[in-house]
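Okay, structure first, notes after.
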Amino acid sequence: MNALPYGIHYGRMLISFELLFARRKTMKIAVYPDERIIVKAPKGMPLEEVKERVLRRSRWIIKQLNYFKQFEPRTPPRRYVSGETHLYLGKQYRLKVKRAEQNRIKLCGGQFQILLREDPSPRKIKSLFDRWYAEKAEEHFAASVDRCWPAFEKRGVSRPNLKIRRMKTRWGSLSGKGNLTLNIALIRTPRSCIDYVVVHELCHLIHRHHGSGFYRLLEQFMPDWKKHKARLETLPGILS
Ligand SMILES: [Zn+2]
Numbered sequence: 000m001n002a003l004p005y006g007i008h009y010g011r012m013l014i015s016f017e018l019l020f021a022r023r024k025t026m027k028i029a030v031y032p033d034e035r036i037i038v039k040a041p042k043g044m045p046l047e048e049v050k051e052r053v054l055r056r057s058r059w060i061i062k063q064l065n066y067f068k069q070f071e072p073r074t075p076p077r078r079y080v081s082g083e084t085h086l087y088l089g090k091q092y093r094l095k096v097k098r099a100e101q102n103r104i105k106l107c108g109g110q111f112q113i114l115l116r117e118d119p120s121p122r123k124i125k126s127l128f129d130r131w132y133a134e135k136a137e138e139h140f141a142a143s144v145d146r147c148w149p150a151f152e153k154r155g156v157s158r159p160n161l162k163i164r165r166m167k168t169r170w171g172s173l174s175g176k177g178n179l180t181l182n183i184a185l186i187r188t189p190r191s192c193i194d195y196v197v198v199h200e201l202c203h204l205i206h207r208h209h210g211s212g213f214y215r216l217l218e219q220f221m222p223d224w225k226k227h228k229a230r231l232e233t234l235p236g237i238l239s
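With numbering that gives the first Met the number 0 applied, the sequence shown covers 0 to 239.
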């Protein structure tokens with residue numbers, strides 16, 4: 000029999016598990032080093048009860064996941080040299096450093112061309128990159144808010160101001176003062192992930208907390224949000 004995928008919410012976290020009904024008396028939860036969670040439940044146990052029991056073990060599950068996480072290889076620090084790849088809107092582009100009249104970055108032919116007047120130094124390239132990403136973030140994040148806003152406008156809420164910042168642990172936030180803050184690192188993720196974070200934060204205009212009303216609304220505005228959230232979580236080393 001095949002295991003079926005399910006998910007439950009624990010605070011901000013989505014715990015995804017595979018469920019297998021088997022001929023057994025008790026339920027068993029196992030967490031594996033590849034972060035897979037497998038739940039074996041006695042045949043006939045109602046799904047609601049299974050979810051309830053998994054939820055009760057959430058803290059333990061997260062502890063196991065964190066335990067395994069410490070063994071994951073860390074993404075190597077960026078070195079800003081030719082041949083290294085960098086992400087933009089979810090795609091990897093290889094760096095190519097070239098001499099030129101002017102310092103600038105050009106995205107062309109599947110490559111990040113770094114045009115430099117002077118000898119290439121990682122510091123110089125990094126600062127060019129930071130500026131380039133900041134410009135692109137402004138353009139794409141504003142476009143994302145424009146795309147997502149019409150559905151919210153009809154709800155009579157007022158449009159928040161967009162702010163872009165570097166954040167260590169969050170993709171976005173919405174303040175009571177009406178600021179929608181997006182993490183500049185989102186510019187490395189696909190457009191659909193940027194939209195997911197924007198829609199998530201805009202839903203907070205209507206529901207402040209992550210209750211069932213919040214998730215109903217999110218589901219309504221973006222039925223496939225879980226896919227985009229999962230994608231964000233698998234992009235390596237962006238939030239570090
Ligand atoms: Zn939230």
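All C-beta atoms, glycine included, are put in the ideal place defined by N, C-alpha and C.
Helix, strand or coil at residue 233 [DSSP, three-state]: Residue state, collapsed to three classes: helix.
Pick helix, strand or coil for residue 222, following the three-state DSSP scheme. Of the three classes helix, strand and coil, the one that applies to residue 222 here is coil, per DSSP.
Is residue 81 helix, strand or coil when you go by DSSP? Residue 81: coil per DSSP, three-state reduction.
May I have the straight-line CA-CA distance separating residue 117 from residue 183, to the nearest angstrom? Straight-line spacing of the CA atoms in residue 117 and residue 183 works out to 28 Å.
Under the DSSP definition of a beta bridge, which residues are partnered with residue 245? Residue coverage of the chain in this structure runs from 0 to 239, which leaves residue 245 outside it and unanswerable.
Just checking, does the segment 107-126 make contact with the segment 76-85 on the three C-beta pairs under 8 Å criterion? With a cut-off of 8 Å on Cβ pairs, the segment 107-126 is in contact with the segment 76-85, counting three or more such pairs.
Is the segment 143-159 touching the segment 104-114, taking contact as three or more C-beta pairs under 8 Å? Contact annotation: the segment 143-159 does not touch the segment 104-114, with fewer than three C-beta pairs closer than 8 Å.
Any chance you could list the residues with Cβ under 7 Å from a heavy atom of ligand 1, keeping chain order? Ordered by chain, the residues meeting the criterion of a beta-carbon within less than 7 Å of a non-hydrogen atom of ligand 1 are 11, 199, 200, 203 and 209.
Distance, Cα to Cα, residue 208 vs residue 55? Those two C-alpha atoms are separated by around 20 Å.
Look up residue 123 in the DSSP assignment and say whether it is helix, strand or coil. If DSSP states are grouped into helix, strand and coil, residue 123 belongs with the helices.
Taking all protein chains shown into account, decide if residue 48 is buried (16 or more other Cβ within 10 angstroms of its Cβ) or exposed. The residue is exposed, with fewer than 16 neighbouring Cβ atoms inside 10 Å.
Does the Cβ-Cβ distance between residue 189 and residue 89 come in under 7 Å? Yes, these two residues count as a Cβ contact at 7 Å.
What did DSSP end up calling residue 2 once you bin it into helix, strand or coil? Secondary structure at residue 2: coil, using DSSP grouped into helix, strand and coil.
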